[in-house]
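Residue numbers for the sequence shown follow this note's numbering, so the first one is 6 and each next one is one higher. Virtual Cβ for every residue (Gly too), placed ideally from N, Cα, C. Contents: one structure, followed by commentary.
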Amino acid sequence: MSDAASGIEEYIETLSTTTTALAEGAAALEGTTSTLAEDTSTLSSDLGTARDDLASAVPSAEPGQSASDLAAELADQARTAALALPEAYRTLDQGVQDIHRLNSGAREVASGADQLAAATGTARDGAQDLASGVTQYTDGVGSARDGADQLADGTGTLRDGAGTLADKTGEARDGAQQLADGTGTLADGSAELADGARQVDDGATQLADGATDLDDGAEKLDDGSTELADSLSDAKDDVPSYTDEESSELAGTASDPVQMSFERQNDLGRFGEGLAPLFLAISLWVGGMAIFLMMPPFSSEAMARGTGPVRLLAGGLIPAFLLGLVQTLIAVGALHWLIGLTIDDLPLMFGLAGLTSLVFVALNHGFGALFGPVGKFVALVLIALQISGAGGTYPVPTLPGFFQMLHPYLPMTHAVDAFRGAIGGGWIDPAGDLAWLSGWLVVGVVLGLLGAVVQRRRTLRTLGTDEGGPDGVDEEEPETSTGSAARA
Numbered sequence: 006m007s008d009a010a011s012g013i014e015e016y017i018e019t020l021s022t023t024t025t026a027l028a029e030g031a032a033a034l035e036g037t038t039s040t041l042a043e044d045t046s047t048l049s050s051d052l053g054t055a056r057d058d059l060a061s062a063v064p065s066a067e068p069g070q071s072a073s074d075l076a077a078e079l080a081d082q083a084r085t086a087a088l089a090l091p092e093a094y095r096t097l098d099q100g101v102q103d104i105h106r107l108n109s110g111a112r113e114v115a116s117g118a119d120q121l122a123a124a125t126g127t128a129r130d131g132a133q134d135l136a137s138g139v140t141q142y143t144d145g146v147g148s149a150r151d152g153a154d155q156l157a158d159g160t161g162t163l164r165d166g167a168g169t170l171a172d173k174t175g176e177a178r179d180g181a182q183q184l185a186d187g188t189g190t191l192a193d194g195s196a197e198l199a200d201g202a203r204q205v206d207d208g209a210t211q212l213a214d215g216a217t218d219l220d221d222g223a224e225k226l227d228d229g230s231t232e233l234a235d236s237l238s239d240a241k242d243d244v245p246s247y248t249d250e251e252s253s254e255l256a257g258t259a260s261d262p263v264q265m266s267f268e269r270q271n272d273l274g275r276f277g278e279g280l281a282p283l284f285l286a287i288s289l290w291v292g293g294m295a296i297f298l299m300m301p302p303f304s305s306e307a308m309a310r311g312t313g314p315v316r317l318l319a320g321g322l323i324p325a326f327l328l329g330l331v332q333t334l335i336a337v338g339a340l341h342w343l344i345g346l347t348i349d350d351l352p353l354m355f356g357l358a359g360l361t362s363l364v365f366v367a368l369n370h371g372f373g374a375l376f377g378p379v380g381k382f383v384a385l386v387l388i389a390l391q392i393s394g395a396g397g398t399y400p401v402p403t404l405p406g407f408f409q410m411l412h413p414y415l416p417m418t419h420a421v422d423a424f425r426g427a428i429g430g431g432w433i434d435p436a437g438d439l440a441w442l443s444g445w446l447v448v449g450v451v452l453g454l455l456g457a458v459v460q461r462r463r464t465l466r467t468l469g470t471d472e473g474g475p476d477g478v479d480e481e482e483p484e485t486s487t488g489s490a491a492r493a
């Protein structure tokens, strides 16, 4: 603010100087305009004189010039002068008027410049007073700033002291809390100390009683020690003596009292014996499929005669069963006597293989009877699933999840388990395997019976004859011309 006041003071001084110079210039202008007015008056006088001289300078008649010619020339000059003079007079009058106005303005400017110079002096004095007041104000502001600095320092000290007081107050509060907690802990410890003192008192009583019992026991021990010494003295001659070999044997028995000998049961020494159950089951399934590649599921002649479904089923299934048993004898005999497969229970192996063959023949017969040529495709799909899901090559837990799900329900799964039990011994689940194989056998027979019903109706519809009795019993055929009676 002090710098601003100094700047204002310098500006006012410069303004005063400028207005003084302006007043002086206005005064000089006034003198100049006065001189100009005087010169203008002189010019006007000179113009009047020139007009008079012009009038006197009118030419006179030359010798030999006629009066008419001279008059005409004078008339032309007079006309020209008359035309030019009014404009010249107007111009001169306008200039004189402008000069008078300029003189008046110059006097007014000079007067205003004097007033401005006087006002500028007054402003300079006010500016000096303002600068003096600003200096005093600046000094007061400096004093106030010093006081504010001192107040700020005192406030910071007060703030630090207040923070220290707050910290110490928190510490005092924490100490008071710790004192209260310690007082509670001391009270609890006092109660525990009282309980411990009571327990010590009880223990001291028990110790006194125990000391009495110990004294009595010490007397009994002394008596027993005396009796033991007497007994040992009497029995020292009865203690046996051992040789070094007997001592070594006794030491070995004491160091290793229990010994184990391992004997492997149901051992299969060759890799082929582990795969034989799976390949035997596959061969029996393929044999069941091959049977119905050579013969149809039902006799077309019997269906044409209107034979009932049960007899149709028996006529197509019993020969297939017989062929299945024959292939069982061939397969198991070749494994045992030709290949040299060791079988733990050969009769059981023949029986399980025969049952499995009947199941597979029944299923292949049922597929062909009910579905026709499509049944062969169904049999191929089923054998593919069984080879992967029966668990004959890899442990079941290593199979994909889909085959692990199918594994318990496939007929070949139980056939492989049964064959393993017959070959190596230790059949794990005989009842379960036999139940599943029997169930699949029933499924195959039921599929064959349904196929017999469907095929019989289709044949009768084709031939345009009536169906047999509702109970499936065959109707008697009319006697032929030879007199013989034929029954289906």
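* **Inter-residue spacing [alpha-carbon to alpha-carbon] between T494 and D130** => Past the edges of the chain, shown from 6 to 493, lies residue 494, and the structure says nothing about it.
* To do: Measure the beta-carbon distance from G394 to H412 and round it to whole angstroms, keeping in mind my assumption that it falls under 8 Å.
  => Confirmed, about 5 Å.
* **Through-space distance from G292 to G356, alpha-carbon basis** => Counting only the Cα atoms, G292 lies some 17 Å from G356.
* To do: Can you check the segment 427-473 for any alpha helix (DSSP H) of at least 4 residues that lies completely inside it and give the ranges in chain order?
  => Every alpha helix (DSSP H) of 4 residues or more that sits fully in the segment 427-473 is shown, in chain order, as 435-468.
* Within the same chain, show all residues whose beta-carbon is closer than 6 Å to that of V448, passing over the 5 residues directly before and after it, in chain order. => Excluding positions up to five away in sequence, the list is empty.
* Other residues of its chain near V337: CB distance less than 7 Å, five sequence neighbours each side excluded -> Contacts found: M354, F355, A358.
* Asked: Got a sec? Which residues, its chain only, sit under 7 Å from A420 by beta carbon, not counting five neighbours each side?
  -> Cβ within range, chain order: A286, T361, L442.
* To do: Give the secondary structure of I348 by DSSP, where H, G and I count as helix, E and B as strand, and everything else as coil.
  => Looking at I348 - three-state DSSP - the assignment turns out to be coil, as it is neither helix nor strand.
* To do: Check each candidate in R461, V364, D207, G396 and name the one with the smallest Cα separation from A384.
  => It is V364.
* To do: Could you pull out every residue in the same chain whose Cβ sits closer than 7 Å to the Cβ of S288, ignoring the five residues on either side in sequence?
  => Hits under 7 Å: A336.
* Asked: Apart from the five residues just before and just after G321, which ones in its own chain have a Cβ nearer than 6 Å to its Cβ?
  -> Cβ within range, chain order: P302, F303.
* With 16 other CB atoms within 10 Å as the buried threshold, where does D206 fall? -> Label assigned to D206: exposed.
* **Same chain only: Cβ atoms within 7 Å of A295, ignoring 5 sequence neighbours per side** => Same-chain partners within the cutoff: there are none.
* Asked: Which parts of the segment 303-331 are runs of the beta strand (DSSP E), unbroken and 3 residues or longer, counting only runs that do not cross its ends?
  -> The segment 303-331 contains no whole beta strand (DSSP E) run of 3 or more residues.
* Residue range of the alpha helix (DSSP H) that M300 falls in? -> First-last for M300: undefined, no H or E at that position.
* Beta-carbon proximity list for G180, same chain, < 8 Å, skipping 5 on both sides -> Result list for G180: empty, nothing under 8 Å.
* Out of curiosity, what's the CA-to-CA distance linking D495 and A216? -> The question about residue 495 has no answer, for the chain in this structure spans 6 to 493.
* Span separating the alpha-carbon of G208 from that of D220 -> Taking the straight line from one Cα to the other gives about 18 Å.
* What is the rounded straight-line gap between the Cα of E254 and the Cα of A240? -> Roughly 25 Å between the two C-alpha positions.
* Please confirm if the segment 374-381 is in contact with the segment 389-406, defined as three or more CB-CB distances below 8 Å between the two stretches. => As far as the Cβ criterion goes, the segment 374-381 does not touch the segment 389-406, which means the pair count is below three.
* M417: which of G406, A389, I428, A436 sits nearest, CA to CA? -> Of G406, A389, I428, A436, the smallest CA-CA separation from M417 is found for A389.
* Asked: Expressed to the nearest angstrom, what Euclidean distance is found between the alpha-carbon atoms of G222 and G201?
  -> The alpha-carbon atoms of G222 and G201 are separated by roughly 30 Å.
* Asked: Between H341 and L330, is the Cβ-Cβ spacing less than 8 Å?
  -> Result no, Cβ atoms of H341 and L330 do not sit closer than 8 Å.
* To do: For F407, count neighbouring C-beta atoms within 10 Å of its own C-beta (all shown protein chains included) and say buried if the count is 16 or more, exposed if not.
  => It is exposed - the Cβ of F407 has fewer than 16 other Cβ atoms within 10 Å.
* To do: Keeping to the same chain, check which residues put their C-beta closer than 8 Å to that of I428; ignore five residues upstream and five downstream.
  => Contacts found: L273, E278, A281, P282, L346, T347, I348, D349, M354.
* When you compare each of Q332, G426, A367, W290 to A515 by their alpha carbons, which one comes out closest? -> There is no way to answer for residue 515, as the model of the chain reaches only from 6 to 493.
* Asked: Is DSSP giving L415 helix, strand or coil here?
  -> Note: L415 maps to coil in three-state DSSP.
* **Exposure of R425, with buried meaning 16 or more beta-carbon neighbours within 10 Å** => R425 is buried by the Cβ-count criterion.
* Asked: Would you say L468 and A309 are within 8 Å of each other, going by their C-beta atoms?
  -> Result yes, Cβ atoms of L468 and A309 sit closer than 8 Å.
* To do: Mind checking which residues open and close the alpha helix (DSSP H) that includes P405?
  => DSSP places P405 outside any alpha helix (DSSP H), giving it a letter other than H or E.
* **Cβ pair A457, P324 closer than 8 Å** => Taking a C-beta distance under 8 Å as the contact criterion, A457 and P324 do not qualify as a contact pair.
* Asked: What is the DSSP secondary structure of T398, reduced to helix, strand or coil?
  -> Coil, per DSSP.
* **Cutoff 7 Å; reference Q409; Cβ partners in own chain excluding five residues on either side** => Result list for Q409: V401, in chain order.
* Asked: Which of the three DSSP states, helix, strand or coil, is assigned to G377?
  -> Coil.
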